[in-house]
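Novice: Here it is: the structure, laid out below.
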Amino acid sequence: EGLALGTLSHFYNDVYPGIVSQAVIGTLCAFAGILFAYSNGKIRVTPKFTRVIMGAAIGYLALGLISMVLSFTGNSGGLYGVTGFGPLLAIAGVGLASFFLVLDFDQIEKGVAAGAPQEESWRAGFGLMVTIVWLYLEVLRLISILRGND
104 EGLALGTLSH FYNDVYPGIV SQAVIGTLCA FAGILFAYSN GKIRVTPKFT
154 RVIMGAAIGY LALGLISMVL SFTGNSGGLY GVTGFGPLLA IAGVGLASFF
204 LVLDFDQIEK GVAAGAPQEE SWRAGFGLMV TIVWLYLEVL RLISILRGND
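Each position in the sequence shown, counted from 1, maps to that position plus 103 in the working numbering.
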């Protein structure tokens, strides 16, 4: 996963110099903001919140698959290439990944409160890492769309 992420980041940085630094800073800011809001009780995880986020994730996955099919049929950017729609999808992706951070924080907090064995901590850590990588990729995509290919 690290090799693929590094290769993709290098590709983006070749096309848009400095974009990786911007994406890392954006990801860190989003992570810190969500962590702050969660730790202060501004965002709470309820069963309804979880259902809404999971439903949104399924919808976002479906849009991603449709976009991939469109890109194979000649639309160079898929749904992300559609003027005006691409930035909205990218913003939705950043938002969805950010809300998944909330779910990860809640899972970690509940695991600690329940006295989960230390051997299980890697699962929570892995889930958090995957969400952070997803958030980074969504921020990278958003910045690349906003910068365009001037």
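For every residue, glycine included, the Cβ atom is placed at its ideal position computed from N, Cα and C.
Quick check on DSSP: helix, strand or coil for E212?
Specialist: E212: helix per DSSP, three-state reduction.
Novice: Should D207 go down as buried or exposed, given a rule of 16 or more other Cβ atoms within 10 Å for buried?
Specialist: Label assigned to D207: buried.
Novice: Which value, in whole angstroms, describes the spacing of the CA atoms of D253 and Y115?
Specialist: Its pLDDT being 45, under 50, D253 is placed unreliably in this model, and the value from its coordinates should be taken loosely. So the two alpha carbons sit approximately 14 Å from each other.
Novice: Between the C-alpha atoms of A135 and T176, what's the straight-line distance to the nearest angstrom?
Specialist: Those two C-alpha atoms are separated by around 40 Å.
Novice: To which residues of the same chain is P220 closer than 8 Å at the C-beta, ignoring the five residues directly before and after it?
Specialist: Excluding sequence neighbours, P220 sits near nothing in its chain.
Novice: In whole angstroms, give me the CA-to-CA distance for A160 and A195.
Specialist: Near 10 Å, if we compare the C-alpha coordinates of A195 and A160.
Novice: Give the DSSP-derived three-state secondary structure of A193 in the structure shown.
Specialist: Note: A193 maps to helix in three-state DSSP.
Novice: Just to check my reading of the structure: V205 and V242 have Cβ atoms closer than 8 Å, yes? What is that Cβ distance to the nearest angstrom?
Specialist: Their Cβ separation, rounded to whole angstroms, is 17 Å, which puts V205 and V242 out of contact at 8 Å.
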